[in-house]
Amino acid sequence: MALPDLITEIPGPRSRALAARLRRYESRNVTFLADDWPIFWERAEGVNVWDSDGNRFLDLTAAFGVSSLGHTAPDLRDALTGQAQVLMHAMGDVHPTELKAELCARLSAITFERWGAGQGKVILGNSGFEAIEAALKTSLLRTGKRGVLAFSGGYHGLGFGALTATGLPFFREPFRAQLADFAAFAPYPCEREQIEAVLREREIGCVLVEPVQGRGGCVVPPRDFLPMLREVCDSHGILLVLDEVYTGFNRTGALFACEHSGVVPDLICLGKALTGGFPLSACVGRAAVMDAWPLSSGEALHTSTFLGNPLGCAMALASIERHGRPEIAQLVRERGARLAAALRLAGEVRGMGLMLGLESTTERAIGAVKRALRDGVLLLADGPESDVLSFSPPFGVADLEIDFVAGKLAAWLS
Ligand SMILES: Cc1ncc(COP(=O)(O)O)c(C=O)c1O
Numbered sequence: 000m001a002l003p004d005l006i007t008e009i010p011g012p013r014s015r016a017l018a019a020r021l022r023r024y025e026s027r028n029v030t031f032l033a034d035d036w037p038i039f040w041e042r043a044e045g046v047n048v049w050d051s052d053g054n055r056f057l058d059l060t061a062a063f064g065v066s067s068l069g070h071t072a073p074d075l076r077d078a079l080t081g082q083a084q085v086l087m088h089a090m091g092d093v094h095p096t097e098l099k100a101e102l103c104a105r106l107s108a109i110t111f112e113r114w115g116a117g118q119g120k121v122i123l124g125n126s127g128f129e130a131i132e133a134a135l136k137t138s139l140l141r142t143g144k145r146g147v148l149a150f151s152g153g154y155h156g157l158g159f160g161a162l163t164a165t166g167l168p169f170f171r172e173p174f175r176a177q178l179a180d181f182a183a184f185a186p187y188p189c190e191r192e193q194i195e196a197v198l199r200e201r202e203i204g205c206v207l208v209e210p211v212q213g214r215g216g217c218v219v220p221p222r223d224f225l226p227m228l229r230e231v232c233d234s235h236g237i238l239l240v241l242d243e244v245y246t247g248f249n250r251t252g253a254l255f256a257c258e259h260s261g262v263v264p265d266l267i268c269l270g271k272a273l274t275g276g277f278p279l280s281a282c283v284g285r286a287a288v289m290d291a292w293p294l295s296s297g298e299a300l301h302t303s304t305f306l307g308n309p310l311g312c313a314m315a316l317a318s319i320e321r322h323g324r325p326e327i328a329q330l331v332r333e334r335g336a337r338l339a340a341a342l343r344l345a346g347e348v349r350g351m352g353l354m355l356g357l358e359s360t361t362e363r364a365i366g367a368v369k370r371a372l373r374d375g376v377l378l379l380a381d382g383p384e385s386d387v388l389s390f391s392p393p394f395g396v397a398d399l400e401i402d403f404v405a406g407k408l409a410a411w412l413s
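Heads up, the sequence shown is in numbering that gives the first Met the number 0, so the first residue is 0 and it goes up one at a time.
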C-alpha cells in the first residue's frame, strides 16, 4: 500500500503510444481516448496500480468494484494459478467440474440457507448482465408474466434483456428500435402507491431493483423501501429480484446489502467481487422458484460456452471464503466511516460502507476525475448526469491514503 508515485507526466509516453494503437484498431465507441486519458494498466497490488510508464496510482474504484479484497489478492491469485495448472476449461452444462458443484452449494449456503429461507439454486453466467437475464427468464417461467418493474436510474448491464430493464436513457436510446417493451419504470425510491399504480396498469412478473443504486449515482433509498417492495411482491404474488452485482460481497458493510433491512429476495444476482477478477456471475434463487425451469433433457435452455469455468469457480470459492469472515464486513464499515468523514469536508456524501458518492456537478465531477488522474488517483463519476464523484476502493485503503485524497479534493473539484 502506498501513495502515488509519478515518474512521467500523465498519461506518459507509453500510454499515449498505446492509445494511438487502440484508436486505430478498437471500435471507436469502446475506450474513451483523449490527450489526457487514459493510462494503460500494467500490474496492480492491493490499492495500487502501475501503468505502462511505471507510474504508481492509488485506485479508489477497485476497478468497478471488482477488486474489493485488493488487486492481485494472494489467495485469489493462488486459486487461479493453482487451477490453471490442472484444468482451464470444462464443459459447463455437459461434463462440469467438482468446483462448479462446490460453488453452487457455497452460493446457496451464503444466501438463502444463511437467511433461513431454505435451499438456493444457482444459474452461473459470465458477466453481471447475464445473471440479470437468467433472473428475468426465471421470473417468466415461474410467474408466466412477461412484465418487469424496474427503476429509473437503475443499471443492470447492457445485454438486450438487462438493457430493457436499465433505467438510464443514455444506454437505451440508440438501441430503442431493438428493445422489447416488457419493462415499466418507477422512480427510485418511491412510495408504495406508485408501485401499486404500475401493477394496476401492467401485468408484472417481478420487481428488479438494486438495494443501493450504483451507476445511478450511489443512491441509498430509505430503510423501509426494500421491505415495502417485499410486501408488495408478496401481496401480488410476484418475485422480488435483487441486483447485488455491485453491492454484494461486503461493499456496503454487510455481506449482502439486503441484510441491512432483513429482506430476503426470491432471486439475487451477483457478479463483480464474487471472483475478485474473473468474469463469472451468478443468479441464485429460492429452490422452489428456480424449479420453474424444466428438468434438462440433454439440451440446456440457458447456458454458454464458458458457464462454470473452473478458473472462475476456483477464484469465487477463494473469494467467498474470505468474504464470509465477519471481520471483512467490520473492516468495510470502519474504513467506510473514515472515508465518509474525509469526503464530508468537501461536500454532501451519500452511500453505505465503501460505496460512497460525493455530490457535485457534471463539470466538476468530470474535471475532478481528470485532475485526480494527473495526481495519481483513479476515480470515476457516476449518476445519470455523471455528477457524483464515486468512491469504491479496495477494502484495505489506509488512513494515509484517505488523508492524501482528502487533502486534494478541494483542488480537484475547483
Ligand atoms: C448493479 C449492476 N448490475 C449489473 C451490472 C452489469 O454487470 P456487467 O458489466 O458485469 O455485465 C453492473 C455493472 O456495473 C451493476 O453495477
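Even for Gly, the Cβ is constructed at its ideal location relative to N, Cα and C.
_Suppose contacts are defined by Cβ-Cβ distances below 8 Å. Is F39 in contact with V48 by that definition?_
no
*Going by the beta-carbon positions, is the gap between G146 and L167 smaller than 8 Å?*
At least 8 Å separates the beta-carbon of G146 from that of L167.
*Note down the Cα distance separating S96 from L135, rounded to an integer number of angstroms.*
Correcting the residue identity first, residue 96 is Thr in this sequence and not Ser. If you take the alpha carbons of T96 and L135, they lie about 26 Å apart.
*Beta carbon of D58 nearer than 8 Å to that of L306*: no
*Report yes if the C-beta distance between M351 and G261 is below 8 Å; otherwise report no.*
No; because the gap between Cβ atoms is not below 8 Å, this pair is not in contact.
*Is there at least one non-hydrogen atom of ligand 3 closer than 7 Å to the beta-carbon of G270?*
Because ligand 3 does not appear in the structure shown, any question about it cannot be addressed here, the ligands present being ligand 1.
_Suppose the cutoff is 7 Å on Cβ atoms and the five residues either side in sequence are ignored; what does the same chain contact list for T80 look like?_
none
*Between the Cα of N308 and the Cα atoms of T274, S391, F169, R370, which residue gives the shortest distance?*
Cα-wise, what sits closest to N308 is T274.
_I believe V231 touches R191 by the beta-carbon criterion, under 8 Å. Please report the beta-carbon distance rounded to the nearest angstrom._
6 Å
*Can you name the start and end residues of the alpha helix (DSSP H) that E172 belongs to?*
Premise fails: E172 is in no alpha helix (DSSP H) and is neither H nor E.
*Since K99 is in the alpha helix (DSSP H), which residue starts that stretch and which ends it?*
97-107
*Taking the runs of the alpha helix (DSSP H) that are 4 residues or longer, which of them lie wholly in the stretch 1-37?*
Qualifying alpha helix (DSSP H) stretches, in chain order: 12-24.
*Do the CB positions of L178 and L198 come within less than 8 Å of each other?*
no
*Could you check the C-alpha separation between L377 and K407 for me, to the nearest Å?*
Each residue's alpha carbon lies about 13 Å from the other.
*Could you name the residues of the same chain whose beta carbon sits closer than 7 Å to that of Q193, not counting the 5 residues immediately before and after it, in chain order?*
A185, P186, listed in sequence order.
*Indicate, with yes or no, if ligand 1 has a heavy atom lying under 7 Å from the CB of I122.*
no
*Give the secondary structure of R214 by DSSP, where H, G and I count as helix, E and B as strand, and everything else as coil.*
coil
*Stretch pair the stretch 26-36 + the stretch 69-85: three plus CB contacts closer than 8 Å*: Under the three-pair Cβ rule at 8 Å, the stretch 26-36 does not count as touching the stretch 69-85.
*Count the other C-beta atoms from every protein chain shown that fall within 10 angstroms of the C-beta of N414, then say buried if there are 16 or more, exposed otherwise.*
Outside the displayed span of the chain (0 to 413) sits residue 414, for which this structure offers no information.
*Three-state secondary structure (DSSP) of A185*: Residue state, collapsed to three classes: strand.
*Chain-order list of residues whose beta-carbon lies under 7 Å from that of A1 (same chain, five-residue window excluded)*: Closer than 7 Å at Cβ, skipping near neighbours: N47, R55.
*Return the chain-ordered list of same chain residues with a C-beta closer than 8 Å to the C-beta of A339, the five sequence neighbours on each side being excluded.*
Sequence-distant Cβ neighbours of A339 in its own chain, meaning closer than 8 Å and more than five residues away, are V348, G350, L355.
*asked:* Quick check on D265: does DSSP put it in helix, strand or coil?
replied: coil
*So does D374 have its beta carbon nearer than 7 Å to some heavy atom of ligand 1?*
no
*When DSSP labels each residue in this structure, what does A116 get in the three-state scheme?*
Note: A116 maps to coil in three-state DSSP.
*Return yes when the C-beta of Y24 is under 7 Å from any heavy atom of ligand 1, and no when it is not.*
no
_Backbone CA spacing between D398 and L238 [nearest angstrom]_ = 42 Å
*What is the DSSP secondary structure of F159, counted as helix, strand or coil?*
Residue state for F159 is assigned as helix, using DSSP reduced to three classes.
*Regarding H301 and ligand 1, is the C-beta to nearest heavy atom distance less than 7 Å?*
no
*Between the C-alpha atoms of T137 and H301, what's the straight-line distance to the nearest angstrom?*
10 Å
*L434, DSSP secondary structure in three states*: Missing from the structure shown is residue 434; the chain here goes from 0 to 413 and no further.
_When you compare the stretch 370-390 with the stretch 3-20, are there three or more beta-carbon pairs, one atom per stretch, that lie closer than 8 Å?_
yes
_Under 8 Å, with one C-beta from each stretch per pair, do the stretch 312-321 and the stretch 96-112 reach the 3-pair mark?_
yes
*Same chain, Cβ closer than 7 Å to H235, neighbours up to 5 away in sequence not counted*: Close CB contacts of H235 within its chain, under the 7 Å cut and outside five residues either way in sequence, are with L198 (chain order).
_Continuous beta strand (DSSP E) stretch holding L254: start and end_ = First-last for L254: undefined, no H or E at that position.
_Residue range of the unbroken alpha helix (DSSP H) whose run includes M354_ = Counting along the chain, M354 falls outside any alpha helix (DSSP H), though it belongs to the beta strand (DSSP E) covering 354-358.
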